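Notes follow the structure.
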Amino acid sequence: MCGIVGYIGDSNATDIIIDGLKRLEYRGYDSSGIALNIKDKGIQVRKKKGRIQNLEDLIAQENLYSNVGIGHTRWATHGEPSDANAHPHTDMSGKIAVVHNGIIENYLTLKEWLINEHGVVFKSETDTEVIAHLVGVFYDGDIEKAVGKAVEKMQGAYGIGVICADEPGKMVAVRKDSPLIVGLGQGCNFIASDIPALLKHVRQIYLIENNETVILTANDVKIYNADHKPVKRDVFNVTWDADAAEKEGYDHFMLKEIHEQPDGVRDTLVRRMDENGEIVLDGINMTKEEIESFNKVYIVACGTAYHAGLIGKFAIEKLANVSVEVDVASEFRYRDPFIDDKTLFIAISQSGETLDTLEALREAKAKGARVLSVVNVVGSSVARESDDVFYTWAGPEIAVASTKAYTTQLVCMYMIGLYMGRKKGTLSDELYKKYIDELLAVPEKIKEVLKQEKKIKKLAKKLYKREQVFFIGRGVDSAVSYEASLKLKEISYINSFAIAAGELKHGTIALIEQDTLVIALASQDRLFDKMLSNIQEVKARGAYVVGVAKENNTSIEQQAEDVIYIPECMDEVTPIVSVVPLQILAYYIAKQRGCDIDKPKNLAKSVTVE
Ligand code: M6R
1 MCGIVGYIGD
11 SNATDIIIDG
21 LKRLEYRGYD
31 SSGIALNIKD
41 KGIQVRKKKG
51 RIQNLEDLIA
61 QENLYSNVGI
71 GHTRWATHGE
81 PSDANAHPHT
91 DMSGKIAVVH
101 NGIIENYLTL
111 KEWLINEHGV
121 VFKSETDTEV
131 IAHLVGVFYD
141 GDIEKAVGKA
151 VEKMQGAYGI
161 GVICADEPGK
171 MVAVRKDSPL
181 IVGLGQGCNF
191 IASDIPALLK
201 HVRQIYLIEN
211 NETVILTAND
221 VKIYNADHKP
231 VKRDVFNVTW
241 DADAAEKEGY
251 DHFMLKEIHE
261 QPDGVRDTLV
271 RRMDENGEIV
281 LDGINMTKEE
291 IESFNKVYIV
301 ACGTAYHAGL
311 IGKFAIEKLA
321 NVSVEVDVAS
331 EFRYRDPFID
341 DKTLFIAISQ
351 SGETLDTLEA
361 LREAKAKGAR
371 VLSVVNVVGS
381 SVARESDDVF
391 YTWAGPEIAV
401 ASTKAYTTQL
411 VCMYMIGLYM
421 GRKKGTLSDE
431 LYKKYIDELL
441 AVPEKIKEVL
451 KQEKKIKKLA
461 KKLYKREQVF
471 FIGRGVDSAV
481 SYEASLKLKE
491 ISYINSFAIA
501 AGELKHGTIA
511 LIEQDTLVIA
521 LASQDRLFDK
531 MLSNIQEVKA
541 RGAYVVGVAK
551 ENNTSIEQQA
561 EDVIYIPECM
571 DEVTPIVSVV
581 PLQILAYYIA
591 KQRGCDIDKP
601 KNLAKSVTVE
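Now the structure itself:
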C-alpha cells in the first residue's frame, strides 16, 4: 500500500505531484519522494523519510521546474523507512527513475542476477530498486521496450511509473495486481495509484487492468495488453468528491477496511508461501533446535491485538504442541512473569508503537526471551526491537476501530503455528495441507459474508437502540466474542460485554431479563449442541438472541430470533470469517446512532502512553 502520482504536460510537475501525494498520504506515510526530468540537468530525485511535509521542506529552497515527473508516498514492506529506501529509485546511470506500489516477490533472485551479471551496486534495501536497474540494463534507447523486458522478469504485484532522462516527453506505467489509473487532462496526462490524487485536475479516468502497459505523452495516452496489442478503454467519469474518493466511495474508512479484508488475508498468506505450499517466513530466522528449545510461548498485546492473541493460543498450542499464555501488555509488565531463554515471546501490534506492548517486550527481552513480533507498520518501534518480525501486510489502517489488522493478525497466528509445527515435525503432512487449503479458501468466504451487508444493515436498524448487549461463545468463538463486543462498544458506545458461554451460569446470567440482547456465536460444529443449550438458558430468561452459525447448522433458527450465517469451514479457522459480520453489524449500529465511526470519542489510533 503506497501511493504513486505522475504528471506529464506543460505545467510545473512538482506542485502537481506534491499536491497529489498529500491526497494519498492515507495510503502510506513513512517516506516520500519525487523524480523530475529537468532540462539540462536530467533526472533529479529528492526524497525524505517521514511525512510529505518533510519532502516539501527539503525542496522548498530549490527551483525544481519540470513538465514531467513521478512521485511516491511509501508504506514500507522491504527495508525500514529511511531516505535511502524512499522512492523513486534510479538505475546505475541515474537516467531512469521508477516509483512502485506493490511487492516484487522474486527480487532477491533478480538482485543477485543484477549484481553478478551486470555489476549493479544497490543503494537501498527495497525490492523496487531492482526494477530501476532491470529497466536500466535493458535500455538501449527505447524506454518502452526496456520496461517491457524488465516486467517479463518480475514476479509479484506492481503498479509502476517510469521516466527516462533521454526521452523527456514520455512516461511509461504498468500494472499487475496493484492499482493504477490514468487521468486525462487538456494538454497533460497523469498516472496515479488512486483517484483522490487527481481529482483537483481531472475527472476523466482510464482504469488500467492487470498486465497492461500505458505510454503517456502530454497529448496522448496509449494502452497495450500483455501481447503488446493496443487496447481501447472506455473513459470513467468520476463523480465523487475528494473526501469520498479517499474512502473509495465508502462512507467511512472502517467500512472500506472491512471490505479490504479478503485482499489483506490473501496477501498475508499467499506471499508467504512457495510454489509447493510451504510457508516461507522471511522475517523469522529460527532453527529447528531453537523452536524445539522453547518450553513456553507468551503472547502479549493490547485491545484487538490481544484478542488476536487469544486465537493464537488455540492455533499455536494445537499446531506446534507447546504451551501458550496470553496476556494484556499492561498486566504482563507488572506481574513479574516467569520468563527465561526458553521462552518465545510474541508481541502483536498493528501500530508497533503501543507503549504497553513495547515495554512488555523490553521486559521479556531483558529476561532472555526470544522476541517475535507481529506488526503492521514496518520499521515501527516494536518491529525494530524484536529478534524476528512477521509483518501483517494489511496496509495502512486509518479507522481507530481495528478490522483488517485483526484478521491479518489471525492469519499470522495460524502461520506461526504451522511454521513451528512443521519445523518441529509435530504436524502431519495431512493436517498441514488441510490448514493451508482452509486458509487459502478464507478470502472467498469473507467475500460471501460481505455479500450479506444489506441484510446485516437491516438487522442493525432493528437493534441500534439497545443500550446493553451480551456476546457469548465457546472455544475460539469465545475469543471472537471479546473482539466483536469491543468493536461494538468502541464505535457505538453501547454497553457491551462478552463472556464464555459456559461461564454465564456462574454469575452473569443474573443480568439477563426480558428482551436483553444476546449475540450468540455458534460456529463450532463440535460445540454446537452445547451452544444451543447456552442459548436456551438465556432464552428461558427472556433474552432476544441473534445467532451466528455455519450455514448447515440451520437448527439454530429454532432458538434464535435472527441468524447470521457464515460459509462452511473448518472449526479452527472460523474466527477469520465469523468476526466479519459482527464488524459490519457494529458499523451499521454505530451509523444508525449517528456516531463518529472513524474517530470514536476518547480513543486514539496509536496509544503511546501508559
Ligand atoms: O496498534 P496496536 O495493535 O498495538 O493497538 C492495540 C489497541 O490499542 C487497539 O487494538 C485498540 O484496541 C483498537 N481501537 C481496537 O479496535
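End of the sequence shown sits at 610 in our numbering; the numbers just go up one at a time, nothing left out.
Built from N, CA and C at the ideal position, the CB exists for glycine as well.
All values derive from a computational prediction rather than experimental measurement.
Distance from VAL98 to THR128 at the Cβ level is roughly 6 Å; contact confirmed, criterion being Cβ atoms closer than 8 Å.
Under the 8 Å Cβ criterion, the segment 164 to 172 does not count as touching the segment 73 to 87, having fewer than three qualifying pairs. Check the Cα spacing between LEU582 and each of LEU361, VAL548, VAL221, ASP525: the tightest is with VAL548. Setting aside the 5 residues that flank it on each side, TRP240 is surrounded in the same chain by GLY249, each with a C-beta closer than 7 Å to its C-beta; the list follows chain order.
For THR304, the enclosing alpha helix (DSSP H) stretches over residues 303 to 320. A check of alpha carbon separations from GLU125 across THR109, LYS458, ALA84, LYS489 identifies ALA84 as the nearest.
For SER606, the distance from the CB to the nearest heavy atom of ligand 1 is below 7 Å. Remark: three or more beta-carbon pairs, one from each stretch, lie closer than 8 Å, so the segment 94 to 112 and the segment 132 to 148 are flagged as touching. Relative to THR109, the option among ARG384, ASP387, ASP40, LYS153 whose CA is nearest is LYS153.
One alpha carbon belongs to CYS595, the other to PRO262, and they sit about 26 Å apart.
SER330 carries a helical assignment under DSSP once its states are collapsed to helix, strand and coil.
Our two residues, ALA301 and LYS365, have alpha carbons roughly 15 Å apart in a direct line. DSSP assignment within the segment 442 to 489 yields the following whole alpha helix (DSSP H) runs of 4 residues or more, N-terminal first: 453 to 463.
THR287 sits exposed, since fewer than 16 C-beta atoms from the chains shown fall within 10 Å of its C-beta. Judged by DSSP in its simplified three-state form, TYR419 adopts helix.
MET570 is classed as exposed because its beta carbon has fewer than 16 other beta carbons within 10 Å across all chains shown. Between the alpha carbons of ILE576 and ALA484 lies a distance of about 12 Å. Secondary structure of ALA500 (DSSP, three-state): strand. Here the segment 45 to 52 lies against the segment 17 to 37, with 3 or more beta-carbon pairs under 8 Å apart. Under the 10 Å beta carbon count, ARG335 is surrounded by fewer than 16 other beta carbons and is classified as exposed.
Partner residues in the beta bridge of TYR565, as assigned by DSSP, are ALA549.
The bridge partners DSSP lists for ASN495 are GLN468. For the pair ASP515 and LYS455, the Cα-to-Cα distance works out to about 21 Å. For the pair GLU260 and ILE348, the Cα-to-Cα distance works out to about 20 Å. From the listed residues GLU105, ILE208, LYS247, ASN534, the smallest Cα separation to LYS232 is found for ILE208. Between GLY69 and THR14, the C-beta gap is smaller than 8 Å, which places the two residues in contact.
ARG362 places its beta carbon less than 8 Å from that of GLU385.
At a Cβ-Cβ threshold of 8 Å, LEU36 and SER11 do not count as neighbours.
With a cutoff of 8 Å on beta-carbon distance, ASN219 and GLY187 are scored as near each other. By the Cβ rule, the segment 461 to 478 counts as touching the segment 516 to 532, because three or more pairs are nearer than 8 Å. Taking the Cβ of CYS302 as the reference point, at least one heavy atom of ligand 1 falls within a distance shorter than 7 Å. The count of Cβ pairs closer than 8 Å, one atom from the segment 407 to 423 and one from the segment 302 to 319, reaches three, so the stretches are in contact. Per DSSP, the beta bridge partners of ASP388 are LEU372. The Cβ-Cβ distance between VAL378 and SER351 does not fall below 8 Å. For LYS457, same chain residues with a beta-carbon under 6 Å away, outside a window of 5 residues either side, are TYR588 in chain order. DSSP, read as helix, strand or coil, puts GLY119 in coil.
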